[in-house]
Amino acid sequence: MLAQKSHCQRSSRRGIWERRELIDRVRRREDEIFGYVGDRGAEASKLALRVYINKRVEGSSEKDYNIKNIPRMKLLTLGERIVRYLKYISGRLELYQRTDIDREIVGIGIKSLILSFLLSGVGKGSRRGLGTIELNVLRDETGLFQGYDSRNLDYNRVKNIILRILPNNGGIENIIPPIPTLAKGPFKLFYIKTEYGDPLRILSDLQGFTLRTQRGRILNRDLLRSKLMAWILGLPREMRRT
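Position 230 (the sequence shown) corresponds to 230 in the numbering used here; numbering is contiguous.
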């Protein structure tokens, strides 16, 4: 019994150190590609992303609405009381390599960027559904990005893309973690006629339904959030005073 217990302890310790070594290798690989800053010095990233925004931006303003009672609308308008509608904007993103690196590293960088576009968007508001874009691959001379577009995007296609991006993991099953913005079932939009005559009252009620703090005041146990059936809006702490 003592020998068996000692063997189990040695095996457990060996497993812990093997996992630690694996994490260290991943971190060293990350530093090698994307750079680092710390006690051991600094190293620039081997990949860089440039953003170009077209100066031609078309939009319109609407001054007839008083949005002082709708905090999230105030956030989107940067604290102003004028609702601006953006009709057209264009830009370009370029990912390039600063030094001579392996083609595999460049491919991982591009795949990671494309995957972030498919699952999220552009900008810090993309975690809340803002900044989403439609992605279409116009030309692919490498053959790495066949099917990387937003048309007919569903759960299975995203899973296949992720499995193609991930390297060989030694036979461990790949399971996509629960992503509230990506559901296996189809998306349905319902139109419900309301008796409210004031559009601001409707916006205020919709805000209360989708905000975590407002829902918590009414519902003690929220099934939509606990089962990831819906994405409830919220803001990081550092953005609350934006």
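The beta carbon of each residue, even a glycine, is placed where N, CA and C say it ideally should be.
Just so it is clear, the structure is predicted and the values come from calculations on it, not from any experiment.
Residue from the options with nearest C-alpha to residue i
i, options, result
"A44", "V137, I218, Y191, R98", "R98"
"G91", "R29, Y52, G109, K46", "Y52"
"L47", "I110, V37, G38, R40", "I110"
"E30", "I108, N54, G41", "I108"
Beta bridge counterpart(s) of residue i as assigned by DSSP
i, result
"Y259", "The structure shown has nothing for residue 259, since the chain only spans 1 to 242."
"R50", "E94"
Own chain residues within Cβ distance below 6 Å of residue i, not counting five before or after
i, result
"R50", "E94"
"I105", "I33"
"I161", "none"
"I101", "K46"
"F190", "none"
"R215", "D222"
Where the beta strand (DSSP E) through residue i begins and ends
i, result
"L95", "91–97"
Sequence-distant residues of the same chain with beta carbon closer than 7 Å to residue i, five excluded per side
i, result
"G35", "E43, A44, S45"
"R103", "none"
"R217", "none"
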